[in-house]
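Student: Using this note's numbering, the letters of the sequence shown map in sequence onto residues 11 to 279. This is the structure, below, for whatever I ask next.
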Amino acid sequence: MPETVTGPLVTRDTVADRLRTLGVEPGEILLTHSSLSSLGWVCGGAVAVVQGLLDALGPDGTLVVPAQSADLSDPALWRSPAVPEEWWETIRASMPRYDPRTTPTRGVGMIPETVRTWPGALRSAHPQTSFAALGPRAAEIVDSHAPDCRLGERSPLARLEQLGARVLLLGAGYDSCTAFHLAEYRIPAPLVEVGRPGPDGWEQIIEVSISSDRFDELGHDFERDRPVVRGTVGAADARLFPLADAVAYAERWLAMHRPRTDEFLHPPV
11 MPETVTGPLV TRDTVADRLR TLGVEPGEIL LTHSSLSSLG WVCGGAVAVV QGLLDALGPD
71 GTLVVPAQSA DLSDPALWRS PAVPEEWWET IRASMPRYDP RTTPTRGVGM IPETVRTWPG
131 ALRSAHPQTS FAALGPRAAE IVDSHAPDCR LGERSPLARL EQLGARVLLL GAGYDSCTAF
191 HLAEYRIPAP LVEVGRPGPD GWEQIIEVSI SSDRFDELGH DFERDRPVVR GTVGAADARL
251 FPLADAVAYA ERWLAMHRPR TDEFLHPPV
């Protein structure tokens, strides 16, 4: 017997209709974290999902996704897989520098990569934790990203907070919720050396240490205590909530449940 695809069958219209039912509004700004494989069998794959998102947002809405390129990092920290220590200096010297137009995303899935390459998409300047955006507010959001601020006050996250954006978790868990990282910049947090290819060669900068450790627990408590709209799109669980609410809650929760008081951390080698 030939293998049969299992459902549900998801289309562009399915995505748009379910997002409208969930409460996505035309004209709003939506930071979306997604998992294509969680949706079911999607006719048209990531392209259809992006089309459905844009349909739900309408011509006045703006879609924002993480467009991280974490492989532009110090090979001494790589674990999946690790590389031999004797390669490190060659990798640092040879690694292509970040280009918002050509550097692919890594670790965020097919939907953000599809948004990144979509006609008219704009991408922020940070070489490791950029965001891509489509829509009339895209430039306003991504132009605010300072190259020495991963996910803090001079990143698109802070701008999204100011603009009243909402977060959509589309088959993704709270461990993917980048909004929580903005809270890390607002509470005592250690600093860390971050290595990356720069315009003049390999560079080391000092940044706030960020970690998604216990974000799943944080998300559980946030959903228990704050209004979060829940539903499904295809086979995927979906959650919708104001970004500002998530950041404010995370500030209190992280300070209480995950205190981090070291002033400086050297990266492990």
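Note that the Cβ used here is the ideal one computed from N, Cα and C, for glycine as well.
1. Considering only their Cβ atoms, is the gap separating V257 from L180 smaller than 8 Å?
2. Rounded to the nearest angstrom, what separates R116 and S186 at their Cα positions?
3. Could you give the DSSP three-state label for G205: helix, strand or coil?
4. Identify the residues that DSSP records as bridge partners of L41: which are they?
5. On the DSSP bridge list, what partners appear for P252?
6. What's the gap between the Cα of P85 and the Cα of W98?
7. Which residue from R234, R262, E171 and W263 puts its Cα closest to that of R249?
8. Does S186 come out as helix, strand or coil in the three-state DSSP assignment?
9. Just to confirm, is the Cβ distance from E194 to R169 under 8 Å?
10. How many whole angstroms separate the CB atoms of A77 and P122, which I take to be in contact at a CB cut-off of 8 Å?
11. Give a yes or no on whether the minimum CB-CB distance between A58 and chain B is below 8 Å.
12. Quick check: the segment 42 to 55 against the segment 100 to 112, are there 3 or more CB pairs under 8 Å?
13. Which residue comes first and which comes last in the beta strand (DSSP E) that contains A9?
14. CB A148 to CB R126, shorter than 8 Å?
15. Would you call Q214 buried or exposed, if buried means 16 or more other Cβ atoms sit within 10 Å of its Cβ?
16. By Cβ distance, which residues of its chain are closer than 6 Å to T113, with the 5 residues on each side in sequence left out?
17. Quick one: give me the first and last residue of the alpha helix (DSSP H) that Q61 is part of.
18. To the nearest angstrom, how far is the alpha carbon of L32 from that of D247?
19. Do you know whose CA, among P146, G162 and F232, lies nearest G68's CA?
20. What first and last residue would you give for the alpha helix (DSSP H) that runs through W212?
21. Please return the same chain residues whose Cβ sits closer than 7 Å to the Cβ of D231, not counting the five positions on each side in sequence.
22. Would L228 pass as a contact of F190 if the rule is Cβ separation under 8 Å?
23. So is A156 buried or exposed if we call it buried at 16+ other beta carbons inside 10 Å?
24. Tell me which residue opens and which closes the alpha helix (DSSP H) that T31 is part of.
Tutor: The short version:
1. Not closer than 8 Å, so no.
2. Approximately 14 Å, taken between the alpha carbons.
3. The answer is strand: DSSP assigns G205 an E or B state.
4. In the DSSP output, where bridge partners are listed per residue, L41 has V74 and V177.
5. P252 is bridged to R176.
6. Distance from the CA atom of P85 to the CA atom of W98, rounded to whole angstroms, is 6 Å.
7. The candidate whose alpha carbon is nearest that of R249 is R234.
8. Looking at S186 - three-state DSSP - the assignment turns out to be helix.
9. Between E194 and R169, the CB-CB gap reaches or exceeds 8 Å.
10. Yes, A77 and P122 are in contact; Cβ-Cβ is about 6 Å, under 8 Å.
11. No chain B appears in this structure, which consists of one protein chain only.
12. No, the segment 42 to 55 does not touch the segment 100 to 112.
13. As displayed, the chain neither begins before 11 nor continues past 279, which places residue 9 out of reach and without an answer.
14. It is not a contact, given that the beta carbons lie outside the stated cut-off.
15. With fewer than 16 other Cβ atoms within 10 Å, it is exposed.
16. S79.
17. Start and end: G55 to L67.
18. When rounded, the distance between both Cα atoms is 11 Å.
19. Out of P146, G162 and F232, P146 has the C-alpha closest to the C-alpha of G68.
20. For W212, there is no enclosing alpha helix (DSSP H); the residue is found in the beta strand (DSSP E) stretching over G211 to V218.
21. Take D231, set aside five residues on each side of it, and the residues of its chain with a beta-carbon closer than 7 Å to its own are W263, in chain order.
22. The answer is yes: Cβ separation under 8 Å.
23. Its Cβ having fewer than 16 others within 10 Å, A156 is exposed.
24. Run containing T31: R22 to L32, per the alpha helix (DSSP H) assignment.
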